[in-house]
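Here the structure is laid out as structure tokens; the discussion comes afterwards.
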Amino acid sequence: MMRYKEEKEAKKEAFRKYLESSGVLDALTKVLVSLYEQNEKPFSALEKYLESSGVLDALTKVLVSLYEQNEKPSSALEFVQQKLGGPTVSEYEKLQAEISDLQTKYNELLVTHEETCKELEELKNSYNSSSAKETSAGEAVEDEA
């Protein structure tokens with residue numbers, strides 16, 4: 026019985042070290058600190074919020090699932106992200122590239138828009154000045170008559 030407890034504790038400690046070395050504990054800590062700072066509420070209120078919103082349950086299920094894996098994934102953080110419904114690293118990189126492309130297109134369209142607005146303003150000015158000349162010429166003809 027004592028040996029079983031020792032093995033279980035050793036397995037838990039190995040799992041904790043695995044989570045720590047893979048960055049999962051650090052990521053979870055950052056999330057919790059961020060949530061705490063955003064809420065600016067006592068930690069017990071944050072804990073109640075996380076529990077009532079299902080965050081603690083979801084994290085527990087994911088960590089238990091990871092713990093029960095016979096072969097640990099190379100990236101525990103990716104495993105947690107995938108189980109929680111987040112994008113994979115490759116999906117994230119694709120999304121970042123898409124954001125970059127869209128930002129470039131947006132900047133190009135913004136420049137085109139500004140140029141078009143300038144052209145429109147120039148056309149308005151030239152139209153107004155030609156209209157003014159025609160009006161002046163028409164008045165001059167009427168004065169001569």
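If you read the sequence shown in this note's numbering, its first letter stands for residue 26, the second for the next number, and so on.
Ideal Cβ positions, reconstructed from N, Cα and C, are used throughout, including at glycine.
The model shown is predicted, which means the values in this text are computed figures rather than measured ones.
- Assignment of THR113 by DSSP, reduced to helix, strand and coil, places it in the coil class.
- The Cβ atoms of LEU120 and PRO112 lie closer than 8 Å to each other.
- Between LEU91 and VAL80, the gap from beta carbon to beta carbon reaches 8 Å or more.
- Rounded to whole angstroms, the Cβ separation of LEU44 and ALA83 is 16 Å, and the two are not in contact under 8 Å.
- In the structure shown, the three-state DSSP call for GLU96 is coil.
- DSSP places SER47 inside the alpha helix (DSSP H), whose first and last residues are 27-47.
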